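Residue numbers (the numbering used here), protein chains in the order written: chain H, 412 to 552; chain W, 412 to 552; chain Z, 412 to 552; chain D, 412 to 552.
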């Protein structure tokens, strides 16, 4: 399987489609069935105690898998999340950016399934893990 | 089991602890092991197509279970989400508010487990379902 | 929505299709989007300590949702589980039978999603909860 | 972190504690936070159509994570599964054995979290993925 979108094409697509989060996500690397995305952590993503909020980590896992799938199927498809199971394992480091690594295990005609690991940058142990299923709508001509 | 926090006490606690989302959540009803919370949907919660975003629904499920637990154990405990499995089942109605109903199935010494159903207000079929586990830290004197 | 299979039709279907577990499951009640199934617990389902094993509870949740779906779509479809998230919340009572109650939240053209609660018979608090997604293959003529 | 149980010690423990499945599981390899386990597939594990049943794959994921944890904490602890989220992604090859690879992401004082990938032996793409949380009871002297 080969990529249908390059790193640059993914970046342009992201800025075009999600202008409201422009500058918050950086796509670091893409390869067939793999992608790495950085989330810039700002004050608005923090909870009391200085830690990154759960919804911020959920959104990062969701965006990361979405981009991993689009890289494989191209920008025309409207994939939607149908399930996410996420485990919050450690308290993220306050004010550190997050790095997410997605791996697609199945890229079917109808469903795509993969895992995401999220790290506080500079740390070795992941702060969260997630598995996600996306539904891929049939193409229309 | 009886409530340790009334509806009014939960509302005051929520405003105090989460001033950044003040006015976005309305606690509608609370009973032992049950709670109902409304999320006011604003433009910033929408995705392309006018639908409510996944992270917004995740946050609502998370807040709803958190408040259901605090109502039972009181405001002193610092409960944290350890797992959430969420299914996005239908596209939410554009611009309709969301209503979440949480039910606690287990309230243990260390872990609490429950389910949340999320509806677009005015609709009968749920748009999402979630199950969440919270870790309840030991009390310190 | 109305039932496509009666209680008796489901029982006959179950015995025909799964002869290897004949007599282990009793369908107690069926209604649109709801079903109740009893699992007879035998020594082979027990773990050290006399408690019912996790795989036994998983199988019960899986069978219960499968029958709830078949009751709605009829016996011709070959539905398969795509995801199950299960929480084991309490130790089941040793040697007590299990009772599972399934509720379907979404019955789509392609995916069905529902929740199952499992009880040790005679107890009020559930021992496990599960949410399951089934994929429903397209019909062929 | 280093192993508290060797490959041989794990094998002896498994045969002692779970005599009812003796010979069904082969521990192939163990390393800190990683383990590989083979499940010998027999006729009783098959569903109509010749494919391995869901409960059989669930049990393999559960056993694999359990052994990965015991290898790290030693045989004295009584760890129990609290959550499993499993995705069935492909139909297993009929009559092929299964191979499961577990990776522990967090080994805390109270909770352990990890992922398992399951393969039909000889195939490159996984048939299932699972994430599991185990509760580790406090030690008593």
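We put the beta carbon where it would ideally sit given N, CA and C, even for glycine.
The model shown is predicted, which means the values in this text are computed figures rather than measured ones.
Next item on the list: Using a cut-off of 8 Å between C-beta atoms, extract the partners of residue 465 of chain H located in chain W.
Entry: 469, 470, 473, 492 and 495
Checklist line | Span of the alpha helix (DSSP H), counted from its first residue to its last, around residue 540 of chain W | finding: Segment 539-546 is the beta strand (DSSP E) holding residue 540 of chain W; no alpha helix (DSSP H) there.
Notebook entry, point to check: Should residue 498 of chain Z be flagged as near chain D, meaning a C-beta pair shorter than 8 Å?
Noted result: yes
Check: Is DSSP giving residue 520 of chain D helix, strand or coil here?
Finding: coil
Note to self: If you follow the alpha helix (DSSP H) that residue 426 of chain H is in, where does it begin and where does it stop?
What the structure shows: 418-428
Notebook entry, point to check: To the nearest whole angstrom, what separates the beta carbons of residue 399 of chain D and residue 530 of chain D, a pair I think is in contact under 8 Å?
Noted result: Lying before the first or after the last residue shown, residue 399 of chain D is absent from chain D, which here runs from 412 to 552.
Item checked: Closest residue to residue 412 of chain D among D:518, D:545, D:528 and D:546 (Cα-Cα distance) -> D:518
Notebook entry, point to check: Should residue 440 of chain H be labelled buried (16 or more other beta-carbon atoms within 10 Å of its own) or exposed?
Noted result: exposed
Check: For a contact meaning CB atoms closer than 7 Å, what does residue 521 of chain W contact in chain D?
Finding: 521
Next item on the list: Can you tell me which of the three DSSP states residue 552 of chain H falls into?
Entry: Bear in mind that a pLDDT of 44 at residue 552 of chain H, under 50, signals an unreliable position, so the number given afterwards is only what the model happens to contain. DSSP places residue 552 of chain H in coil when its eight states are reduced to three.
Next item on the list: In the DSSP assignment, find the beta strand (DSSP E) that holds residue 441 of chain D and state where it starts and stops.
Entry: 436-442
Next item on the list: With residue 448 of chain H as the anchor, note down where its beta strand (DSSP E) starts and where it stops.
Entry: 445-450
Item checked: Buried versus exposed call for residue 533 of chain W [16 or more other C-beta atoms within 10 Å across all chains shown] -> exposed
Notebook entry, point to check: Cα separation between residue 481 of chain W and residue 547 of chain W?
Noted result: 10 Å
Margin query: Under DSSP, the beta strand (DSSP E) around residue 491 of chain Z begins and ends at which residues?
Written below: 491-499
Next item on the list: Buried or exposed for residue 423 of chain Z, please, with buried defined as at least 16 other CB atoms from any protein chain shown within 10 angstroms of its CB.
Entry: exposed
Notebook entry, point to check: Can you tell me the Cα-Cα spacing of residue 426 of chain Z and residue 436 of chain Z, whole angstroms?
Noted result: 9 Å
Margin query: Is there a C-beta anywhere in chain D that falls below 8 Å from the one on residue 501 of chain H?
Written below: yes
Notebook entry, point to check: Nearest chain W C-beta to residue 510 of chain Z closer than 8 Å, yes or no?
Noted result: no
Check: Going straight from the alpha carbon of residue 538 of chain H to that of residue 516 of chain D, what length do you get?
Finding: 9 Å
Check: Nearest to residue 474 of chain D by alpha carbon, out of D:443, D:513 and D:496?
Finding: D:513
Item checked: 8 Å Cβ cutoff, residue 552 of chain H in contact with chain W -> At residue 552 of chain H the pLDDT is 44, less than 50, meaning the model places this residue with poor confidence; the figure from the coordinates comes in the next sentence. Output row for residue 552 of chain H: interface = no.
Next item on the list: Measure the alpha-carbon distance for residue 524 of chain Z versus residue 500 of chain W and round it to whole angstroms.
Entry: 8 Å
Note to self: Please classify residue 450 of chain W as buried or exposed, where buried requires at least 16 neighbouring CB atoms within 10 angstroms.
What the structure shows: buried
Item checked: Among W:490, W:521, W:420 and W:477, the one whose alpha carbon lies nearest that of residue 527 of chain W -> W:477
Next item on the list: Return yes when the Cβ of residue 505 of chain D is within less than 8 Å of the Cβ of residue 462 of chain D, no when it is not.
Entry: yes
Check: CA-CA distance, residue 491 of chain Z and residue 438 of chain W?
Finding: 39 Å
Check: Helix, strand or coil: how does DSSP classify residue 469 of chain W here?
Finding: helix
Item checked: Three-way DSSP call (helix, strand, coil) for residue 365 of chain W in this model -> Only positions 412 to 552 of chain W appear in the structure, and residue 365 of chain W is not among them; the question remains open.
Checklist line | Coil, strand or helix - residue 509 of chain Z by DSSP | finding: strand
Notebook entry, point to check: residue 453 of chain Z to residue 522 of chain W, Cα distance in whole Å?
Noted result: 30 Å
Next item on the list: Could you name the residues of the same chain whose beta carbon sits closer than 8 Å to that of residue 583 of chain H, not counting the 5 residues immediately before and after it, in chain order?
Entry: Only positions 412 to 552 of chain H appear in this structure, which leaves residue 583 of chain H out of reach.
Note to self: Output needed for residue 442 of chain H: all residues of its chain with C-beta closer than 6 Å, excluding positions within five of it in sequence on either side, in chain order.
What the structure shows: none
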